[in-house]
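All remarks here apply to the structure that follows.
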Amino acid sequence: MPEPGLIVQISGLLPALSPAEQRVARLVVADPADAARRTITDLATAAETSEATVIRFCRSVGLEGYPQLRIRLAAEAARRIEPPDARVVGGDIPPGADLTQIIATIAFNDARAVEETAQQLDPEVCEAVVEALNGASRIEIYGAGASGFVASDFQQKLHRIGRTAYYWPDVHTALTSAALLGKGDVAMGISHTGTTADVLDVLDVARSRGAITVALTNFPRSPIADVADHVLTTAARETTYRSGATASRLAQLTVVDCLFVGVAARNRAKARKALEVTAEAVRSRRVTRRRG
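Residue 292 is where the sequence shown ends in UniProt numbering, and the numbering goes up by one at each step.
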């Protein structure tokens, strides 16, 4: 598969880095081209840390040393997606921004989240998850807050093609449900941060009962990875005003759609028939436009 973008990779690993390494990471993510031009001493000084910390940072993100980091950053900067409008910003929306700038910025960042998620998504992991979902006797999906909407959407999609799938928004119900899972079942937890205690606890119970566990998160080294057999990652960047933002949900929905279509494609005729039957069942509930 193509090598994931370095900036996406660093952003995903950022919470797992030490505080000093995080300062280096934020400088690199904010302006890859500027970081690529700096010497190791310059970058360490700007990050208020030591050259040794910069070297540790390089190794933490899978690189041999600082020369390799500069090469990768230069290449990343050369192919980096730039906003079509010069007033669009890639991070926090600045004070005083008008609605035109807010709309353009949100649209750009949401589209970038979907594109970068697709670029770094591992087809082999997706294939393994689709295989597990396709053979599962029962599928349980868990998520809290904004991720809960994505969990609910995935459950409805699977249900419409005849898969036995459930979404449990209440943690007590989710825990009791997970305790009844077993070999051949699949439990999927969705958490942008990968630190949502309710989701982690439920996946831990499901795994202890022998179910296959799947995590969908933005941060591959977050705690949810410790209770998952398979980890799928998104590439969304939340900012001050946009915690739990549409960008993270769109990125999660992109992954969910890939899994759903993968499962449906394994059972094409049955899935198509189920979709037709369920669409017909609600057709009478649609209001046709009346002409006066």
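We put the beta carbon where it would ideally sit given N, CA and C, even for glycine.
This one's a predicted model, so the numbers in the text were calculated from it and none came from an experiment.
What do you reckon, are the CB atoms on residue i and residue j nearer than 8 Å?
{"i": "aspartate 185", "j": "alanine 211", "result": "yes"}
{"i": "glutamate 21", "j": "phenylalanine 57", "result": "yes"}
{"i": "threonine 254", "j": "alanine 36", "result": "no"}
{"i": "alanine 179", "j": "arginine 160", "result": "no"}
{"i": "phenylalanine 149", "j": "arginine 285", "result": "no"}
{"i": "leucine 17", "j": "alanine 30", "result": "no"}
{"i": "alanine 174", "j": "glycine 194", "result": "no"}
{"i": "threonine 233", "j": "glycine 12", "result": "yes"}
{"i": "valine 231", "j": "aspartate 204", "result": "no"}
{"i": "glycine 5", "j": "cysteine 126", "result": "no"}
{"i": "isoleucine 141", "j": "glutamine 155", "result": "yes"}
{"i": "leucine 43", "j": "leucine 27", "result": "yes"}
{"i": "arginine 23", "j": "glutamate 48", "result": "yes"}
{"i": "valine 61", "j": "alanine 251", "result": "no"}
{"i": "alanine 206", "j": "leucine 181", "result": "yes"}
Does the ligand FAD have even one heavy atom less than 7 Å from the beta-carbon of residue i?
{"i": "leucine 200", "result": "The ligand FAD is not among the ligands present in this structure, which contains no ligands whatsoever."}
Name the residue from the options whose alpha carbon lies nearest to the alpha carbon of residue i.
{"i": "alanine 197", "options": "Glu280, Gln252, Val171 and Arg268", "result": "Val171"}
{"i": "leucine 63", "options": "Arg138, Trp168, Ile10 and Ile139", "result": "Ile10"}
{"i": "glutamine 68", "options": "Thr49, Ile40 and Ser50", "result": "Ile40"}
{"i": "glycine 145", "options": "Phe154, Arg283, His192 and Ile139", "result": "His192"}
{"i": "phenylalanine 260", "options": "Gly182, Ala269 and Val129", "result": "Val129"}
{"i": "isoleucine 139", "options": "Met188, Asp204 and Glu124", "result": "Met188"}
{"i": "proline 19", "options": "Leu158, Gly143 and Thr53", "result": "Thr53"}
{"i": "leucine 200", "options": "Gly143, Leu14, Val114 and Leu13", "result": "Gly143"}
{"i": "arginine 272", "options": "Leu73, Ile55, Arg163 and Cys126", "result": "Arg163"}
{"i": "alanine 236", "options": "Gly182, Ile71 and Ser147", "result": "Ser147"}
{"i": "aspartate 34", "options": "Arg70, Ser60 and Ser50", "result": "Arg70"}
{"i": "alanine 151", "options": "Ala104, Val256, Ala265 and Val287", "result": "Val256"}
{"i": "cysteine 258", "options": "Leu133, Glu280, Val287 and Ala46", "result": "Leu133"}
{"i": "residue 293", "options": "Asp153, Leu181 and Thr176", "result": "Nothing can be reported for residue 293, as the shown portion of the chain is limited to 1 through 292."}
{"i": "threonine 176", "options": "Leu158, Val202 and Thr288", "result": "Val202"}
{"i": "asparagine 267", "options": "Gly135, Leu73 and Gly65", "result": "Gly135"}
{"i": "leucine 158", "options": "Lys270, Ala104 and Ile106", "result": "Lys270"}
{"i": "alanine 74", "options": "Ser137, Ile7 and Ala46", "result": "Ile7"}
{"i": "residue 304", "options": "Lys183, Pro32, Thr45 and Ser137", "result": "This structure cannot settle anything about residue 304, because the visible part of the chain is limited to 1 through 292."}
Quickly, what does DSSP pair residue i with across the bridge? List them, please.
{"i": "glutamate 140", "result": "Tyr166 and Ala187"}
{"i": "threonine 254", "result": "BP columns for threonine 254 are empty, so no partner."}
{"i": "valine 125", "result": "Partner(s): none; valine 125 has no beta bridge."}
{"i": "threonine 217", "result": "Thr233"}
{"i": "isoleucine 212", "result": "Val186"}
Counting only runs of 4+ residues fully inside the segment 7-93, write out the alpha helix (DSSP H) ranges in chain order. Segments of the alpha helix (DSSP H) lying fully in the segment 7-93: 19-30, 32-37, 40-46, 51-60 and 66-79.
Quick check: the segment 96-114 against the segment 215-226, are at least 3 beta-carbon pairs closer than 8 Å? At 8 Å Cβ cutoff, the stretches do not touch.
Could you tell me whether the segment 104-116 touches the segment 69-78, using the rule of 3 or more Cβ pairs below 8 Å? no
Should the segment 162-171 be called in touch with the segment 119-128, which here means at least 3 C-beta pairs below 8 Å? No, they do not touch.
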